[in-house]
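Written out below as structure tokens is the structure these notes cover.
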Amino acid sequence: MNPRIRRAPSRVLVMRLVDWDGEDAAAFEPVLDALDLLTPYVEVLEPGCAAVPLRAGSGDEALFCERLIDTVSGLVEQDCLTGVADGLFAAVLAARDGRIVPPGGDAAFLARRDVADLLATALVEPETCEILRHLGIDTLGKFRELPPQAVAERFGAPVRRAQALAAGRSTRPLVPRPVAPELAVADTPETPYETVEHAVFAARPLAERLLRVLDERNLTCTRVTVTARTGSGLERRRTWQIDPAITAPDLARRVRWQLEGWLAAGPLVHGGDEAANAVTSLELAPGGLVGLVAAGRGLWGEKTAAAVRAEAALRHTQSLLGPEAVRIAGPSDGRDLSERYASAAWEVEPPPPQPSGPWPGGLPDPLPQLTGTGQDVEVLDAAGAVVAVSARGDLSATPALVALGGRRIRIAAWAGPWPVAERWWSADARRYARLQVELADGSVALLAREDGRWRAVGWYD
Numbered sequence: 001m002n003p004r005i006r007r008a009p010s011r012v013l014v015m016r017l018v019d020w021d022g023e024d025a026a027a028f029e030p031v032l033d034a035l036d037l038l039t040p041y042v043e044v045l046e047p048g049c050a051a052v053p054l055r056a057g058s059g060d061e062a063l064f065c066e067r068l069i070d071t072v073s074g075l076v077e078q079d080c081l082t083g084v085a086d087g088l089f090a091a092v093l094a095a096r097d098g099r100i101v102p103p104g105g106d107a108a109f110l111a112r113r114d115v116a117d118l119l120a121t122a123l124v125e126p127e128t129c130e131i132l133r134h135l136g137i138d139t140l141g142k143f144r145e146l147p148p149q150a151v152a153e154r155f156g157a158p159v160r161r162a163q164a165l166a167a168g169r170s171t172r173p174l175v176p177r178p179v180a181p182e183l184a185v186a187d188t189p190e191t192p193y194e195t196v197e198h199a200v201f202a203a204r205p206l207a208e209r210l211l212r213v214l215d216e217r218n219l220t221c222t223r224v225t226v227t228a229r230t231g232s233g234l235e236r237r238r239t240w241q242i243d244p245a246i247t248a249p250d251l252a253r254r255v256r257w258q259l260e261g262w263l264a265a266g267p268l269v270h271g272g273d274e275a276a277n278a279v280t281s282l283e284l285a286p287g288g289l290v291g292l293v294a295a296g297r298g299l300w301g302e303k304t305a306a307a308v309r310a311e312a313a314l315r316h317t318q319s320l321l322g323p324e325a326v327r328i329a330g331p332s333d334g335r336d337l338s339e340r341y342a343s344a345a346w347e348v349e350p351p352p353p354q355p356s357g358p359w360p361g362g363l364p365d366p367l368p369q370l371t372g373t374g375q376d377v378e379v380l381d382a383a384g385a386v387v388a389v390s391a392r393g394d395l396s397a398t399p400a401l402v403a404l405g406g407r408r409i410r411i412a413a414w415a416g417p418w419p420v421a422e423r424w425w426s427a428d429a430r431r432y433a434r435l436q437v438e439l440a441d442g443s444v445a446l447l448a449r450e451d452g453r454w455r456a457v458g459w460y461d
């Protein structure tokens, strides 16, 4: 099994068109084409508004925003505003003013916002904002200071989730999870679709098929990638953010918007005949797969009846197997990988507390995306001898090979070692050393040597 998985972006950029006509969804496609020139992944939040991930270390964020604004203005003559923040909710609000929220500053930025900004979550009704204002709660900072249990009891679970967003928590990644090929559905007509109307005719049954395939596996999704292929071999693809509780007609409407953007704007292959521009295949692939508990939740986590039934099933599981049977995980204080996360019994214990601050000698971010494998490995020098680590933290030789699973893989680059000595005063004292290696097959591992043996304790994206 390949241990490399995709890591969530560290920052989020939201782009919003200033003078957007919300009725003309097809006109948004040229804007997305312009964004494709700058970033390999664009997620459509709604027509007129899109989000892109900003990886850590990808460069100056202000310069990237300027490039994006200039690119959109130059290619499609549309003015836009951009907002950058750690989380999606803060980035959506920052895009209204064209602001860049400093890293780690979401909570402070949100605290000063008017309570009416909760409407952007789609979890809060205008009447709720008015009630809060009459109670003297006129900012998100004041709202998040209310007792969470009191908010849930007075306004319900959706508003409680909005409170978590107001505190800068409850974010979601933009990058979708890998999709199993069998979950994608496609339509390949005997006669290619030469017009938008012909292609849209297939969108409704295709949307129904996709939702049926997911429902049979007790799944839903938060994104759908629409792919169209033409007779010339050209392939066009776009990912849309959707509500997990979306219906087949609504999903078919999103597909129609996309097809209108591609086909109604003109021929996909200039100078080609009708057969070259006809759509020969239409595919829908789900992304951001979630199970029953998360099923039906909107962009910010709103529940539906399906989620309520799922939670009831989990409570029944707890009644049969005990309150510890269902647990939730979260980041925690600690130095080693095994200590950086903690768990708590769902709806029985408080969630694991957020990390209180940096730990001396703690493993720095970004953390490995796959942990807990613990494979025994050997770090070897060029002559095939095992590389050891001295008490002073020095390597006995230059690492050249890693022996893993019966194979010897060349080390392309390495960093370390970093010796760690813990709790020297107690019976739980530990001494070990960390080593990061990039292997010739492209994988990157975090290795640890303890008690005279090497282990792979984590794998990076």
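So the sequence shown is residues 1 to 461, counted in full-length UniProt numbering. Cβ atoms here follow ideal geometry from the backbone N, Cα and C, with glycine treated the same way.
Item	Value
Between the C-alpha atoms of S443 and A116, what's the straight-line distance to the nearest angstrom?	47 Å
Cα separation between W459 and A62?	32 Å
For I131, name the three-state secondary structure that DSSP assigns.	helix
Rounded to the nearest angstrom, what separates A344 and V31 at their Cα positions?	45 Å
In whole angstroms, give me the CA-to-CA distance for D97 and D79.	13 Å
Does the beta-carbon of T128 have 16 or more other beta-carbons within 10 angstroms, so that it is buried, or is it exposed?	buried
Distance check for A94 and T82, CA to CA, integer angstroms please.	7 Å
In terms of DSSP beta bridges, what is I411 paired with?	L439
Taking the alpha carbon of S140 as the point to measure from, which residue in R160, C49 and E153 has its own alpha carbon closest?	The residue asked about is misnamed: residue 140 is Leu in this sequence, not Ser. Of the listed residues, the one whose Cα sits closest to L140 is R160.
Should T71 and L38 be called a contact, given that it needs their Cβ atoms to be closer than 8 Å?	yes
Going along the chain, which unbroken runs of the alpha helix (DSSP H) with 4 or more residues stay wholly within the region 205–287?	248–259 and 274–277
Return the chain-ordered list of same chain residues with a C-beta closer than 8 Å to the C-beta of G393, the five sequence neighbours on each side being excluded.	P417, W418, P419 and A433
In its own chain, which residues sit with a C-beta less than 7 Å from the C-beta of G87, not counting the 5 before and 5 after it?	V12, D106, G168 and T171
For L446 and T398, I'd like the C-alpha separation in whole angstroms.	17 Å
Would you check whether the ligand NAP has a heavy atom nearer than 7 Å to the C-beta of R453?	Although the ligand NAP was asked about, the structure shown includes no ligands whatsoever.
In terms of residue numbering, what span does the beta strand (DSSP E) encompassing D106 cover?	Segment D106 to A111 is the alpha helix (DSSP H) holding D106; no beta strand (DSSP E) there.
Pop quiz: A91 and A51 are said to be a contact at Cβ under 8 Å. What is the actual Cβ separation, rounded to whole angstroms?	7 Å
Check residue 470 in the structure and name its three-state DSSP category.	Here the chain covers residues 1 to 461 and nothing more, so residue 470 does not appear.
Can you name the start and end residues of the beta strand (DSSP E) that E46 belongs to?	E43 to E46
Can you say whether G298 is buried or exposed, counting buried as having 16 or more other CB atoms within 10 angstroms of its CB?	Its pLDDT being 41, under 50, G298 is placed unreliably by the model, and the measurement read from it follows with that caveat. The residue in question, G298, is buried, as its Cβ has 16 or more Cβ neighbours within 10 Å.
Please report the distance separating the alpha-carbon of A294 from that of Y193.	Bear in mind that the predicted position of A294 carries a pLDDT of just 41, short of 50, making it too unreliable to give a figure here.
Closer than 8 Å, CB to CB, is L282 near chain E or not?	Considering every chain present, this structure includes no chain E. It has just one protein chain.
Which word fits R144, buried or exposed, when buried means at least 16 other C-beta atoms lie within 10 angstroms of its C-beta?	buried
Of all the options T191, P286, T280 and P147, which has the alpha carbon lying nearest to the alpha carbon of D215?	P286
Under the rule that 16 or more other beta-carbon atoms within 10 Å means buried, what is A310, buried or exposed?	buried
Is the CB-CB distance between V44 and Q241 below 8 Å?	yes
Can L395 and P368 be called in contact, C-beta distance under 8 Å?	no
Run the CB neighbour count on E260, radius 10 Å, all protein chains shown included, and call it buried at 16 or more, exposed below.	buried
Taking a contact to mean a Cβ-Cβ separation below 8 Å, would you say P101 touches V84 in this structure?	One detail in the question is off: residue 101 reads as Val in this sequence, not Pro. Contact flag set, yes.
Less than 7 Å between C-beta atoms, sequence neighbours within five positions excluded: which residues of the same chain meet that for L119?	P126 and C129
From S73 to A150, what distance separates their C-alpha atoms?	47 Å
Using the Cβ count rule (16 or more neighbours within 10 Å means buried), how would you classify L135?	exposed
Pull up the distance between the alpha-carbon of P244 and that of A202, whole angstroms please.	21 Å
Are the CB atoms of E283 and A184 within a distance shorter than 8 Å?	yes
Only counting the same chain, and skipping five residues up and downstream in sequence, which positions put a Cβ closer than 7 Å to that of R113?	L93, T139 and L140
DSSP three-state label for L63, please.	helix
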